[in-house]
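Okay, structure first, notes after.
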Amino acid sequence: DIYCGSGTFLIELYDRLKPILEKYRRYDDPETVHEKIIKRLYGCDIDPFSTQLTIINLILKDAMQRNGWRITCGDSFRYKQLLDLGDEGVSEFFKKQMVHYREVFKRSFDLIVGNPPYGAKVSDAQKAIFKHDFAEVRQGGYDTYRFAMYQAIEMLKPGGYMGFIVPNTWLTIKSAEKLRHYILRHCRIVRLVNLQQNVFNLKGAAANVDTMLVILQKNQSATPYESDDNMVDICIMPNKIPEGKTPEEMLDKGEFKLRHSVRQGEWRKTVCMGFEIFFGPIIKSLLNKIEIDCEKLSDHTEMRRGAFCYRKSSLVKQYGKEEGERILSERAWHSEKKQGPEYKKELLGSDIGRYYFYWKSGKWFRYGKFMASYVEPRFFENGYIAIQRIRNPKLQNRIVATLISGGQDYYGSSGITTVILNTKTGFIEKYILALLNSRLINWYYIQHWQDVNIKPADLALLPIRPASAEVQAAFAAKVDIMLALNAELVQRKHEIASPSTRNDKQIEERNDEAISRPYKDWTTEKIKDKIAQTDAEIDVMVYKLYELTYDEVLIIDPDFKMKREEYDSFRT
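Quick note: the sequence shown uses the numbering used here, first residue 48, plus one each step.
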């Protein structure tokens with residue numbers, strides 16, 4: 048265990064090895080079972096206190112044996128550098144430490160297990176190591192557990208096994224594509240078990256992180272993709288552990304929400320080589336049907352993450368340390384009112400809802416190329432679809448979008464993805480908006496992407512069904528109703544809000560813009576009922592557009608209210 052902490056996994060390995068070795072030990076063998084085990088267990092951790100705890104825990108297994116431990120203290124991610132380091136100019140203490148460190152890292156292993164670190168802040172020095180020593184899989188950010196998986200595989204013998212507990216986000220995200228490709232090229236994937244949220248209460252694991260077991264075997268030869276025909280065992284645990292049961296018991300008894308297998312080589316054909324584990328062949332068939340005759344959203348649109356003003360490193364570089372830190376701490380480019388023509392209304396991700404928006408903060412921000420992340424004004428000036436960028440993967444509505452009209456100076460911040468149509472498209476904005484907010488497209492998104500970030504790169508791959516001008520106009524009419532109904536609810540909600548929460552500037556802005564209020568005389572309950580009704584009608588129109596049968600609709604929406612006969616006879 049190259050990230051052993053206080054030795055939890057090594058102690059478990061000890062307990063499992065002991066009865067096996069006792070059973071097969073020769074009577075004339077001078078070496079004790081304890082001695083045999085400690086020669087076979089290796090561990091490393093960056094925390095010296097943790098490594099001492101590991102040794103103490105192992106000593107307690109046999110107090111008579113206090114030597115021979117292959118447990119060392121050091122940074123496992125620096126193993127290549129430290130193995131190449133000579134002794135010249137190195138202190139005697141460090142030389143002794145390096146003897147133990149090299150004893151662990153100079154060899155290849157039959158089995159590597161553990162719960163590698165994740166979520167920790169990465170220093171500039173560590174980033175340099177990852178860029179140099181982990182270049183084969185480095186992509187995007189610096190999620191340490193992904194580097195740990197690569198390192199473990201590199202340290203295995205041919206035919207050796209790796210068993211890790213890690214977050215499950217690496218399965219499909221674009222920034223882990225290199226790691227997935229590396230695994231497909233060099234490993235046989237034995238089993239993937241999705242555990243949901245931190246079911247083992249692992250130390251340091253964030254409560255909102257879904258974890259999984261990854262069990263791999265390094266290929267016996269250097270032949271690329273030699274395990275393409277391997278059938279990967281996939282197990283999905285229930286979202287909640289039933290009362291009175293433990294995750295360990297459920298794993299031992301095979302009590303899974305879903306269990307199926309996938310030919311490993313199939314994942315070389317998926318989007319970004321994503322490991323699509325959350326559905327079986329029935330769902331796969333439905334996803335394929337949805338994609339038939341479709342074009343990608345990126346074929347007809349351009350997308351950008353919104354702008355943001357401040358990045359400390361950029362500010363210090365451009366303005367000097369003192370001035371840069373002042374701009375950052377004072378948020379000097381934000382204002383309560385418009386200071387000049389370069390100031391724009393800052394829309395946050397939390398301002399965006401399904402078919403509505405509300406400028407809660409009332410903040411203006413100075414817009415220009417001096418910003419940390421500048422987006423061309425054309426993405427805002429003439430109107431755009433705004434999508435929330437951060438959404439809990441557990442939510443049914445992963446994509447939350449609305450339409451922002453042009454000429455109002457609403458510019459999206461980094462919490463928003465802006466979508467504009469390209470000049471050659473035959474689509475209209477309201478048609479695209481209806482699809483993005485639909486149950487079908489949200490379901491499709493959930494099957495493919497588990498990341499908390501709703502990324503432009505993922506949105507770009509959504510399947511958009513071509514439609515005639517007449518069909519698009521029918522969708523646009525429904526969207527007009529949804530926009531007007533939701534605008535009325537928003538207006539009403541904030542007109543009656545308390546002074547402490549009400550944004551009078553927003554109300555004034557909306558009044559100044561002379562927003563049409565066709566539902567002003569309706570009761571709030573009637574408006575909510577009409578929203579639910581229209582939303583459901585759009586969903587049915589989308590199901591029909593993609594030519595889904597009634598039974599296929601029930602896969603996407605088990606609570607679908609419409610009767611089979613009514614659905615079969617429905618026409619847009």
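All residues carry an ideal CB built from backbone N, CA and C; glycine is no exception. Note that this is a predicted model, so its numbers are computed, not measured.
Same chain, Cβ closer than 6 Å to residue i, five either side skipped, listed in chain order
i: Ile49; result: Cys91, Ser123
i: Leu158; result: Tyr208
i: Asp180; result: Lys127
i: Pro503; result: Met350, Thr464
i: Trp490; result: Ile603
i: Glu594; result: none
i: Asp120; result: According to the sequence as given, residue 120 is Cys; it is not Asp. Answer for Cys120: Pro95, Thr98, listed in chain order.
i: Arg401; result: Val447, Asn484
i: Glu393; result: Lys410, Phe412, Ser460
i: Gly321; result: Thr219
i: Arg358; result: Ala419
i: His228; result: Met320
i: Ser361; result: Ala419
i: Asn444; result: Asn489
Reduced DSSP category for residue i - H, G, I as helix; E, B as strand; rest coil
i: Arg41; result: This structure cannot settle anything about residue 41, because the visible part of the chain is limited to 48 through 619.
i: Asp576; result: helix
i: Met202; result: helix
i: Arg413; result: strand
i: Thr101; result: helix
i: Glu393; result: strand
i: Arg235; result: strand
i: Arg73; result: coil
i: Arg373; result: helix
i: Ile283; result: strand
i: Met418; result: coil
i: Asp616; result: The sequence as given places Ser at residue 616; Asp does not occur at that position. Note: Ser616 maps to coil in three-state DSSP.
i: Thr216; result: helix
i: Lys368; result: helix
i: Tyr478; result: helix
i: Ser460; result: strand
i: Asp494; result: Note on identity: in this sequence residue 494 is Gln, with Asp being the wrong assignment. Three-state DSSP puts Gln494 in a helix.
i: Lys221; result: helix
i: Met529; result: helix
i: Asp92; result: strand
i: Gln264; result: strand
i: Arg117; result: strand
i: Met297; result: helix
i: Asn241; result: strand
i: Val600; result: helix
i: Tyr403; result: strand
i: Ile708; result: A question about residue 708 goes unanswered here, because the residues of the chain that appear run from 48 up to 619.
i: Asp398; result: helix
Proximal residues to residue i (C-beta, below 8 Å), its chain only, five neighbours per side dropped
i: Lys204; result: Ser155, Phe156, Asp157, Lys265
i: Ile528; result: Lys577, Thr581
i: Val160; result: Asp48, Phe56, Leu60, Met209, Gly210, Phe211
i: Cys51; result: Leu57, Gly90, Cys91, Asp92, Ser97, Thr98, Thr101, Ile118, Gly161
Bridge-paired residues (DSSP) for residue i
i: Met278; result: Arg310
i: Asn500; result: Ile437
i: His381; result: Phe412
i: Ile106; result: In the DSSP output, where bridge partners are listed per residue, Ile106 has none listed.
i: Thr317; result: Answer by DSSP bridge pairing: none, since Thr317 is not bridged.
i: Arg87; result: Answer by DSSP bridge pairing: none, since Arg87 is not bridged.
i: Val466; result: Met350, Ile432
i: Lys343; result: Pro510
i: Phe355; result: Ser420
Proximal residues to residue i (C-beta, below 7 Å), its chain only, five neighbours per side dropped
i: Asn215; result: Asn241, Asp257, Thr258, Met259, Gln497
i: Leu333; result: Glu599, Ile602
i: Ala514; result: Tyr478, Leu592
i: Pro271; result: Arg232
i: Val422; result: Arg351, Gly353, Ala354
i: Glu342; result: Ile511, Pro513
The ligand NAP heavy atom lying under 7 Å from the CB of residue i
i: Tyr126; result: In the structure shown, the ligand NAP is absent, as is every other ligand, since no ligand is present at all.
Touching by the beta-carbon criterion (3+ pairs, under 8 Å), the region 373-387 and the region 404-412: yes
Within the region 157-210, ranges of the beta strand (DSSP E) (whole runs, at least 3 residues): none
The region 187-203 in contact with the region 281-293 per 3-pair CB rule at 8 Å: no
Stretch pair the region 325-332 + the region 438-454: three plus CB contacts closer than 8 Å: no
Any 3 or more C-beta pairs closer than 8 Å across the region 216-225 and the region 185-196: yes
Contact between the region 467-479 and the region 302-314 (3+ Cβ pairs under 8 Å): Touching, no.
Touching by the beta-carbon criterion (3+ pairs, under 8 Å), the region 523-543 and the region 348-366: no
Inter-stretch contact (C-beta, 8 Å, three-pair minimum) for the region 605-617 and the region 563-572: no
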